[in-house]
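Here is the structure we will look at.
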Amino acid sequence: MRLMLSFFRAYRGPTLLMLLALLLSGLAEGIGLSALLPALNIALGTGRMDTGAADLSGYEAVIVETLHSLGIATTLGNMLLLVLLGIFFKSVFLLLAQRQVGYTAAQVGTDLRLNMLRAILRSRWEYFLHQPAGRLTNALATEAERSSQSFVHGATAITFLIQSMIYGAVAFALSWKASLVAIVAGAIVIGLSHFLVRITRRAGRRQTSLLTSLIGNLTDILASVKAMKAMAREGQADRVLASDTGKLNKALRRQVIAAAGLDAGQELMFAGFICLGIYVALGIYDMELPTVMVLVVALGRAFSFLGKVQKQYQKLVQGESAYWAMLDSISEARDAAESAGGAAPPTLATGIRFEGVGFSYGENASVFHDLTLDIRAGSLTTLVGPSGTGKTTLVDLVIGLLQPTQGEIRVDGEPLSGLDPRAWRRQIGYVPQDTVLLHSSIRDNVTLGDPDLTPEAIEQALRDAGAWDFIQALPDGVDTVVGERGGKLSGGQRQRVVIARALINQPQLLILDEATSALDPDSEQAVRQTMEALKGRITLLAISHNRGMVEAADCVYRLRDGRAEPVIAGDVA
Ligand SMILES: Nc1ncnc2c1ncn2[C@@H]1O[C@H](COP(=O)(O)OP(=O)(O)OP(=O)(O)O)[C@@H](O)[C@H]1O
Ligand SMILES: [Mg+2]
Numbered sequence: 010m011r012l013m014l015s016f017f018r019a020y021r022g023p024t025l026l027m028l029l030a031l032l033l034s035g036l037a038e039g040i041g042l043s044a045l046l047p048a049l050n051i052a053l054g055t056g057r058m059d060t061g062a063a064d065l066s067g068y069e070a071v072i073v074e075t076l077h078s079l080g081i082a083t084t085l086g087n088m089l090l091l092v093l094l095g096i097f098f099k100s101v102f103l104l105l106a107q108r109q110v111g112y113t114a115a116q117v118g119t120d121l122r123l124n125m126l127r128a129i130l131r132s133r134w135e136y137f138l139h140q141p142a143g144r145l146t147n148a149l150a151t152e153a154e155r156s157s158q159s160f161v162h163g164a165t166a167i168t169f170l171i172q173s174m175i176y177g178a179v180a181f182a183l184s185w186k187a188s189l190v191a192i193v194a195g196a197i198v199i200g201l202s203h204f205l206v207r208i209t210r211r212a213g214r215r216q217t218s219l220l221t222s223l224i225g226n227l228t229d230i231l232a233s234v235k236a237m238k239a240m241a242r243e244g245q246a247d248r249v250l251a252s253d254t255g256k257l258n259k260a261l262r263r264q265v266i267a268a269a270g271l272d273a274g275q276e277l278m279f280a281g282f283i284c285l286g287i288y289v290a291l292g293i294y295d296m297e298l299p300t301v302m303v304l305v306v307a308l309g310r311a312f313s314f315l316g317k318v319q320k321q322y323q324k325l326v327q328g329e330s331a332y333w334a335m336l337d338s339i340s341e342a343r344d345a346a347e348s349a350g351g352a353a354p355p356t357l358a359t360g361i362r363f364e365g366v367g368f369s370y371g372e373n374a375s376v377f378h379d380l381t382l383d384i385r386a387g388s389l390t391t392l393v394g395p396s397g398t399g400k401t402t403l404v405d406l407v408i409g410l411l412q413p414t415q416g417e418i419r420v421d422g423e424p425l426s427g428l429d430p431r432a433w434r435r436q437i438g439y440v441p442q443d444t445v446l447l448h449s450s451i452r453d454n455v456t457l458g459d460p461d462l463t464p465e466a467i468e469q470a471l472r473d474a475g476a477w478d479f480i481q482a483l484p485d486g487v488d489t490v491v492g493e494r495g496g497k498l499s500g501g502q503r504q505r506v507v508i509a510r511a512l513i514n515q516p517q518l519l520i521l522d523e524a525t526s527a528l529d530p531d532s533e534q535a536v537r538q539t540m541e542a543l544k545g546r547i548t549l550l551a552i553s554h555n556r557g558m559v560e561a562a563d564c565v566y567r568l569r570d571g572r573a574e575p576v577i578a579g580d581v582a
């Protein structure tokens, strides 16, 4: 029940409302049930109702006296009406409670998803890099849903518990001895079947970890499916997925057996105790039939609800681990949050300077040691160097996604580490090495959903990126949907859309990481002209082996052995 306490703390108001509605519903049900005893006595013709309450048994006397003092005659019609009214109000309050449960459950799921997404998006880049994409997908899709279902099961368990207690209380008022025996019997049944709940909890945990692994693997495989199909290696994917799904299937089967076992076992044991109770009450203690009948109804329903409490609890523990796993992921990501705040960034009037910068990814061998270089404001600086020498890493350091382990990066003389990272990045236009587009229109891909960008600005950015002509030829122009990951466009077309995205906000610093590698000479020429036109107005940093980009550069650095050395453009092969 640690889970429900955690939910209560997070959603105090809604859960209190829910509990109030449940209590009122239970009360109405108790009143209705209490009217059943006099109704049965009248129906069975004992006719003692009008002779006064003196010769009635304890609880019945209390009911009749209360009714008389309220001016309600104890006729069969009145009693049945009271039973009906009890059921009516019970249903109304139960409906209100269930509505509250549904709303809160939806809120639980939504809050978990949003908190997870925000925590991940605000985490440090190095932390983000180590998060498998599938883990996030699984958390947002499956774990959030299982957590919210756990809340529903927990709340339903509480509903049943209250109902069980109301029936138990009525039975207690009728015969406390019989009820005491029944409570012991109930505890035995619940205790005996608890091992089935434990099996379910273990299977639920297994399901959580297997789903994370399965969806992680699935996401990876889908990302490289083209290469797999092209070389007829789909079987490889099949083997990986078949192993995960096989294990998942086993865990699910265990859950099904545990649930069915609880269903069958509980019913049998409760029925056995009730039959035994009737036999003892009528056969040995010679109790009156109407009392025994109401007692059987009350205890029977108390047992039945108690059984349902356990079944709901079983369902709760099945999804519980998803909730804890999500909370763990959220707090882990929050611990890895990127530092926020800092000084307002300068306008980039003189330039960016790397001073004796060292960097390594975790424990790995260092990528840079004692690297010094200048990116002068308003100029085009091009970086060249063999694959794996750290060109992309250098750019990530400039953006502030990574932090140097040694030395300092300065913007107009001010340390980058002291600047507000988000304010700094808002001045940057960035074209990454891997161009992946959103499954949306070209317009959305350029604006990234910013409604303030005008159609004229979009057209200008697309023209500057050399993309306008091919987009004009598409049937829907800028409203063309580019397909999953931009798959309906060619590699070079995707690159130009991403360049337009980087240009549209008129950045102070434009960074292109191999941005023209997939372009034909004409498109490359268009981008190069844009760069030439931008030179002087903004600062440009390009990673490129492309002759045009090297020739257009004011300064070229070659990365080698963890350092940067200036080279003359003509020397770049
Ligand atoms: N997230 C990472 N974790 C650990 N090592 C990394 C990570 N990213 C890159 N590296 C390593 O750092 C080195 C520099 O990588 P980087 O991507 O900066 O090279 P690059 O010069 O951009 O190469 P390319 O021309 O192939 O794009 C490589 O040896 C690479 O293996
Ligand atoms: Mg690179």
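No gaps in the numbering here: position 107 of the sequence shown is 116 in this note's numbering, and each next residue is one more.
Cβ coordinates follow ideal geometry from the N, Cα and C atoms, glycine included.
Quick caveat, the model's predicted, so the values are computed rather than measured.
Rounded to whole angstroms, what's the CA-CA distance from residue 532 to residue 564? Just pull it up for me.
Taking the straight line from one Cα to the other gives about 23 Å.
Tell me the residue span of the beta strand (DSSP E) that contains residue 322.
Note, residue 322: premise wrong, no beta strand (DSSP E); alpha helix (DSSP H) at 298-344.
Is it the case that the CB of residue 401 approaches a heavy atom of ligand 2 more closely than 8 Å?
Yes; taking the cut-off as 8 Å, the Cβ of residue 401 has a heavy atom of ligand 2 nearer than that.
Here's a check: name, in chain order, each residue in its chain whose Cβ is nearer than 6 Å to the Cβ of residue 567, leaving out the five neighbours to either side.
Closer than 6 Å at the Cβ level, and outside the excluded window around residue 567, lie 393, 394, 574, 576.
With a floor of 4 residues, list each alpha helix (DSSP H) that falls wholly inside the segment 118-197, ordered by position along the chain.
Runs of the alpha helix (DSSP H) spanning 4 or more residues and lying entirely within the segment 118-197 occur at 134-138, 142-147, 153-183, in chain order.
So is residue 194 buried or exposed if we call it buried at 16+ other beta carbons inside 10 Å?
By the Cβ neighbour-count rule, residue 194 is buried, with 16 or more other Cβ atoms within 10 Å of its own.
Member of 165, 377, 493 whose CA lies at the smallest distance from the CA of residue 413
Closest option to residue 413, Cα to Cα, is 377.
My output table needs one value for residue 63: the three-state DSSP class, helix, strand or coil.
The predicted model places residue 63 with a pLDDT of 45, which falls under 50 and marks its position as unreliable, so this point remains unresolved.
Less than 8 Å between C-beta atoms, sequence neighbours within five positions excluded: which residues of the same chain meet that for residue 270?
Cβ within range, chain order: 202, 205.
What does the Cβ neighbour count give for residue 158, buried or exposed, with the cut at 16 atoms within 10 Å?
With 16 or more Cβ atoms within 10 Å of its Cβ, residue 158 is classed as buried.
Which first and last residues belong to the beta strand (DSSP E) in which residue 362 is found?
Segment 360-369, the beta strand (DSSP E) holding residue 362.
Taking Cβ to Cβ, would you say residue 156 is nearer than 9 Å to residue 213?
Going by C-beta atoms, residue 156 is not nearer than 9 Å to residue 213.
For residue 407, count neighbouring Cβ atoms within 10 angstroms of its own Cβ and tell me buried if that reaches 16, exposed if not.
Residue 407 should be labelled buried.
Outcome for residue 530 when other beta-carbon atoms lying within 10 angstroms are tallied against a minimum of 16:
Flag for residue 530 reads exposed.
Leaving out the 5 sequence neighbours to the left and right, which residues in its chain are closer than 7 Å to residue 63 when beta-carbon positions are compared?
Its pLDDT being 45, under 50, residue 63 is placed unreliably in this model, and the coordinates cannot settle the point.
Where does residue 423 sit, in a helix, a strand or coil, going by DSSP?
Three-state DSSP puts residue 423 in a strand.
In whole angstroms, what is the alpha-carbon distance linking residue 59 and residue 162?
Any reading at residue 59 must be qualified, since the residue scores a pLDDT of 48, below 50, and its modelled position is unreliable; the value itself is stated next. Straight-line Cα distance between these residues: approximately 47 Å.
DSSP three-state call for residue 229: helix, strand or coil?
In the structure shown, residue 229 sits in a helix (DSSP, three-state: H, G or I).
Would you mind working out which of 339, 433, 311, 302 sits nearest residue 53, comparing C-alpha positions?
Taking only the C-alpha atoms, the option nearest residue 53 is 302.
Can you give me the C-alpha to C-alpha distance between residue 403 and residue 247, rounded to a whole angstrom?
For residue 403 and residue 247, the distance between alpha carbons rounds to 39 Å.
Is residue 502 near ligand 1, judged by its Cβ being under 8 Å from some heavy atom?
Not under cutoff, so the answer is no.
Only counting the same chain, and skipping five residues up and downstream in sequence, which positions put a Cβ closer than 7 Å to that of residue 127?
No residues qualify anywhere along the chain.
Closer than 8 Å to a non-hydrogen atom of ligand 2 - does that hold for the CB of residue 468?
No, the beta carbon of residue 468 sits no closer than 8 Å to any heavy atom of ligand 2.
For residue 68, count neighbouring C-beta atoms within 10 Å of its own C-beta (all shown protein chains included) and say buried if the count is 16 or more, exposed if not.
By the beta-carbon neighbour count (other beta carbons within 10 angstroms, threshold 16), residue 68 is buried.
Between residue 394 and ligand 1, is the CB less than 8 Å from at least one heavy atom?
Flag set: Cβ of residue 394 near ligand 1.
Flag this pair as touching only if the segment 170-182 and the segment 294-312 have three or more C-beta atom pairs under 8 Å; answer yes or no.
Yes, they touch.
The alpha helix (DSSP H) enclosing residue 430, as first and last residue numbers
Looking at the DSSP string, the run of the alpha helix (DSSP H) that includes residue 430 is 430-434.
Between 320, 142, 503, which has its C-alpha nearest residue 207's C-alpha?
Of the candidates 320, 142, 503, 320 places its Cα closest to the Cα of residue 207.
With three or more beta-carbon pairs closer than 8 Å as the criterion, would you say the segment 225-241 touches the segment 287-298?
No, the segment 225-241 does not touch the segment 287-298.
Pair within 9 Å by beta-carbon distance, residue 562 and residue 390
Cβ atoms of residue 562 and residue 390: closer than 9 Å.
Between the CA atoms of residue 409 and residue 429 - distance to the nearest angstrom
The alpha-carbon atoms of residue 429 and residue 409 are separated by roughly 10 Å.
Distance, Cα to Cα, residue 4 vs residue 335?
In the structure as shown, the chain starts at 10 and stops at 582, and residue 4 therefore has no counterpart that could be examined.
Near ligand 1: residue 439 beta-carbon under 8 Å from a heavy atom:
Remark: the shortest separation between the CB of residue 439 and any heavy atom of ligand 1 does not fall under 8 Å.
Measure the C-alpha to C-alpha separation of residue 463 and residue 240 and round it to an integer number of angstroms.
Separation of residue 463 and residue 240 (C-alpha to C-alpha, rounded to the nearest whole angstrom) is 45 Å.
Cutting at 7 Å between CB atoms, please list the residues of its own chain near residue 437, excluding the five before and the five after it.
Here the set comprises 408, 516, 518, 520.
Going by CA-CA distance only, name the one from 257, 398, 455, 43 that's closest to residue 94.
The option with the nearest alpha carbon to residue 94 is 43.
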